[in-house]
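Accompanying notes for the structure given below.
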Amino acid sequence: THWKHGGIVGVFGYGGGVIGRYSDAPEQFPAIAHFHTIRVNQPASKFYSTAYLRKLCEMWDHRGSGMTNLHGSTGDMVLLGTTTDQLEPVFYDLTHQMGVDLGGSGSNLRTPSCCIGKARCEWSCLDTQAICYDLTQTYQDELHRPAFPYKFKFKVSGCPNDCVAAIARSCCSIIGTWKDDIRIDQAAVKAYIGGELKPNAGAHSDKDWGPFDIQKEVIDLCPTQCMWMEGDELKIDNRECTRCMHCINVMPEALRPGTDTGATILVGAKAPILDGAQMSTLAIPFIRMEPPYDEFKEFV
Ligand code: SF4
Ligand code: SF4
C-alpha cells in the first residue's frame, strides 16, 4: 500500500486531516482498495465522555473499518481505514453530530496537545488545557491548510516532568516552570527521613530498597548540587536550581514548585525515525502564560 500524506484525498476546504492510503493490488484486495486514515482532533488532555466514544465507534463501524488508534503520536484519535466516498459523510458526522474537528496532517500545524495539567496534577504551573484550546482556535487556518514546508507542532506540559515529551517531539515546547523558590515543608522532609512517608509516593515499592536515604536519593542526584542539609533542615539554593523536578518527584509531600509561575519556551525538537529524537533548544527561559497569550503569540 501507499501512504499519501497531504492533499491527495481529503474533505472540501481542508488540506489535511485525511491521509490517503491505496492498495497497489486493488483487484486482489478490493475491500481495501482505499484504506484512508482520518485524524480527529482530541480534546485538550484527552478528556472524553463514554457517550462520545460510543458514538464515535458506532459511526466508525458504520462508515469505516471500525479500527481506531487511540491515540496517534501527535495526540489525535486516529480512525484507520475507509473509502473516498465516506470521507465527506464522516466529516459531516464529526463536525455536525459530535462537535469535533479533523486534526492536522502533512505540512499543517499539527493538532496541539497537552498534559493533564491542573485538571489532575498538583505540579502543573500552567493551565495546559486553556493554552492548548486557545492555540487550536487561534491557528485554525494553519491547522487545516498546509502553509509550511514541513509539519509544525506545539506541545504543552504543565511542569518540567514534561509528560507529553514536548522537549523531544515538538517544534515549539511550552513547559511550565516557576521563578520563585521551591516550597518546602520541613515537617514532611523529616517524615520522609523518618520513614513515615514513602518516597516517590510509593512507586518502586515492589522491591525492598532499604530505608530512604535523602543524601543518596535526593541531594546527591540534584544536577546542579544546590541542595544540602543543615541539621535536620533541607536547604535549597534556588538561584542554582534548574527546575529539573527530581527532588519534588521523590518527596512530593515535602517539596512543591513555587507559586510565581509561567513557561519556558523551547524550539526545534523532532523525532525522525531514522535519526532518533533531536532535543529542542531553549529560546525563552521564562514567559507569562495568561490569556490571551499575546506575548507568546508574538513570538510564534
Ligand atoms: S507534565 Fe508535570 S504538570 Fe503535566 S501531568 Fe506531568 S507531572 Fe503533571
Ligand atoms: S528541582 Fe532539580 S535542580 Fe532544583 S533543587 Fe530539585 S533536584 Fe536540584
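Each residue of the sequence shown is one higher than the one before, starting from 1 at the first, in this note's numbering. Heads up, the beta-carbon is just placed ideally off N, CA and C, and yes, glycines get one too.
- Distance from the CA atom of residue 182 to the CA atom of residue 235, rounded to whole angstroms, is 10 Å.
- The bridge partners DSSP lists for residue 262 are 177.
- Rounded to the nearest angstrom, the gap between the Cα atoms of residue 82 and residue 64 is 4 Å.
- In chain order, the residues positioned with their C-beta nearer than 5 Å to some heavy atom of ligand 1 are 115, 116, 121, 123, 124, 157, 158, 159, 161, 163.
- CA-CA distance, residue 277 to residue 231, rounds to 43 Å.
- The Cβ neighbour count for residue 279, taken over all protein chains shown within 10 Å, is under 16; the residue is labelled exposed.
- Per DSSP, residue 189 lies in no beta strand (DSSP E); the unbroken alpha helix (DSSP H) holding it starts and ends at 186 to 194.
- In this model, residue 168 and residue 98 are separated by some 32 Å (Cα to Cα).
- In this structure the stretch 94 to 111 lies against the stretch 74 to 81, because at least three pairs of beta carbons, one per stretch, are closer than 8 Å.
- Closer than 7 Å to some heavy atom of ligand 2: that describes the Cβ of residue 243.
- C-alpha of residue 46 to C-alpha of residue 204: approximately 27 Å in a straight line.
- Shortest gap from the CB of residue 281 to any heavy atom of ligand 2: 7 Å or more.
- Residues 159, 160, 161 of the same chain have their beta carbon placed closer than 7 Å to that of residue 245, with the five preceding and five following residues left out of the count.
- At least one heavy atom of ligand 2 lies less than 7 Å from the C-beta of residue 182.
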